[in-house]
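> Just so we're aligned: the sequence shown equals residues -24 to -1, 1 to 293 in mature numbering (1 follows the signal peptide of the UniProt record, and there is no 0).
We treat Cβ as the ideally placed atom computed from N, Cα and C, and that holds for glycine.
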Amino acid sequence: MKPTGLGSLALVATAATLFATADAHGKMTVPTYRQMSEKFHKDSGALVNIGLEEMQIGPIELLSQHKQVDFPPSPTFNLLNGCRGTVYEEANEVTTIQPGSEFDVKWKIDAPHPGYMKLSILKPSEDSKGVITYKSYKTLLNIEPFAENGGEGGTTAKMPADVEGCDKPGDCVLQFFWYSAIAKQTYPTCADIVVSGSGGGTSTSTTTESSEAGSPTASSDESTPSTPSTPSSPSTNSTPSTNSSPSTNSSPSTNASPSTNSSPSTNNSPSTNFSLRQLQPRRLLAPPPLMLPSLVKRIPTSVLDACVVTRFDPVCE
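1) For serine 101 versus glutamate 65, is the C-beta distance shorter than 7 Å?
2) Just to confirm my understanding: we take glycine 106, look at its own chain, exclude 5 residues before and 5 after, and list those with CB closer than 6 Å. What are they?
3) If I follow the unbroken alpha helix (DSSP H) through aspartate 15, where does it start and stop?
4) Give me whichever residues DSSP pairs with lysine 84 in a beta bridge.
5) Taking the straight line between their C-alpha atoms, what separation do you get for residue 298 and glutamine 11?
6) With leucine 39 as the anchor, note down where its alpha helix (DSSP H) starts and where it stops.
7) Along the chain, where does the alpha helix (DSSP H) containing isoleucine 33 start, and where does it finish?
8) Measuring only the C-alpha atoms, how far is valine 171 from aspartate 46?
9) DSSP three-state label for asparagine 118, please.
10) Short of 8 Å in beta carbon distance, which residues of its chain neighbour isoleucine 169, apart from the five on each side in sequence? Order them along the chain.
11) Do you know how far the Cα of lysine 144 is from the Cα of methionine 135?
12) Please list, in chain order, all residues of the same chain as glycine 129 whose beta carbon is under 6 Å from its beta carbon, the five residues on each side excluded.
13) Using DSSP bridges, identify the partner residues of glutamine 44.
14) What's the call for glycine 61, buried or exposed, on a 16-neighbour Cβ count within 10 Å?
15) Which one of Cys166, Ala123, Ser156 and Glu120 has the shortest CA to CA distance from leucine 55?
16) Distance, Cα to Cα, glutamate 29 vs cysteine 59?
17) Which residues in the same chain have their Cβ closer than 8 Å to the Cβ of proline 164, if we skip the five residues on either side of it in sequence?
18) What separation, rounded to the nearest whole angstrom, lies between the Cα atoms of cysteine 86 and asparagine 125?
19) Hey, could you find the ends of the beta strand (DSSP E) valine 70 is sitting in?
20) Report the three-state DSSP secondary structure of alanine 159 (helix, strand or coil).
21) Taking the C-alpha atoms as reference points, what is the distance between phenylalanine 79 and leucine 116?
22) Select from Pro88, Val63, Pro75 and Tyr9 the residue whose C-alpha is nearest the C-alpha of glycine 2.
23) Under 7 Å Cβ to Cβ from histidine 17, same chain only, skipping five residues before and after it: list those, please.
24) Select from Pro90, Thr131 and Ser112 the residue whose C-alpha is nearest the C-alpha of lysine 99.
25) Between which two residues does the beta strand (DSSP E) holding methionine 135 run?
26) Under the rule that 16 or more other beta-carbon atoms within 10 Å means buried, what is glutamine 41, buried or exposed?
27) Tell me which same chain residues have a C-beta within less than 6 Å of the C-beta of leucine 31, skipping the five on either side of it?
28) For my contact list, proline 48 and glycine 21 are in at a C-beta cut-off of 8 Å; report their separation, rounded to the angstrom.
29) Distance, Cα to Cα, serine 104 vs valine 63?
30) Just to confirm, are alanine 137 and leucine 95 a CB contact at a threshold of 7 Å?
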């Protein structure tokens, strides 16, 4: 049940006391920042009891502590989305910036605390539950130290010429991010922007080249002559030189040429320590001369028996 009557007054008083103790407050004023809309109030839960100005300039750390069990925020409300829980709505005022041009950035510091300020372009990212979070796309400038003194200030920033995906309202926001390390407090402000002619989608991922174009796996294996997948075409480095091989006229057949299996890179070779002479084709031995019957010396059987015994008889020679 929503608080009413004295309960509401007590909550407002508590919120006022809470933010009265805040050490610093501030926001970006130019470009035009997002306002707290009716939808924001409806979705924010107990934060609706805090004044609008405090919602715009108060530190996120203190705002996030203001919770109420019986008055929870909407399931899609995200105070830590980078834009104080705000999201793009059609009624939002949008600032158009030309790519490559300079534009003004102004701010107001109500209560100073030294820190740094970062100006960035963010893009929305929605999860499966419909919760929107703003992700960093491009950083435009950094100022440090920042907010050493209170009051109004400003500078100029340059919109990069290569911005993409910011050509429609809601595609991109300009985030003013002030953080004080001393107070450990964060003060973000977001402004809806359009960068003219920056079509091309909202994806910020880097496109990689196809593996067919530059992948090492696409190269051939011709540099490895010992691979068994090409036995029919051995590398010229593993075959003997043609100058050291015998003439083809002296080779009785093509089978006498060295086989590719004798290459030192194959497993069939008995040893890799061999000389080039072993690779030369073998010469066929001449067949023994035929013995004509007329030339055979006939020796009597009795004499042959004696030859077997003595082996010194001249007749046996």
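Answer, in terms of the structure:
1) no
2) Thr52
3) The amino acid occupying residue 15 in the given sequence is lysine; aspartate does not appear at that position. Per DSSP, lysine 15 belongs to the alpha helix (DSSP H) from 14 to 19.
4) Lys3 and Glu128
5) The requested residue 298 does not occur in the structure, where the chain is confined to residues -24 to 293.
6) 36 to 39
7) 28 to 33
8) 42 Å
9) strand
10) Pro7, Val70, Thr71, Thr72, Ile73, Ile97, Cys142, Cys148, Val149 and Leu150
11) 16 Å
12) Trp83
13) Per DSSP, none; premise fails for glutamine 44.
14) buried
15) Cys166
16) 15 Å
17) Ile36, Gly58, Cys59, Arg60, Gln151, Phe152, Phe153 and Trp154
18) For the sequence presented, residue 86 should be read as aspartate rather than cysteine. Cα-Cα distance, rounded: 9 Å.
19) 70 to 73
20) coil
21) 11 Å
22) Pro88
23) Val24
24) Ser112
25) Segment: none, methionine 135 is in no beta strand (DSSP E) and carries neither H nor E.
26) exposed
27) Going by the sequence as given, residue 31 is methionine instead of leucine. Cβ within range, chain order: Met12.
28) 5 Å
29) 16 Å
30) no
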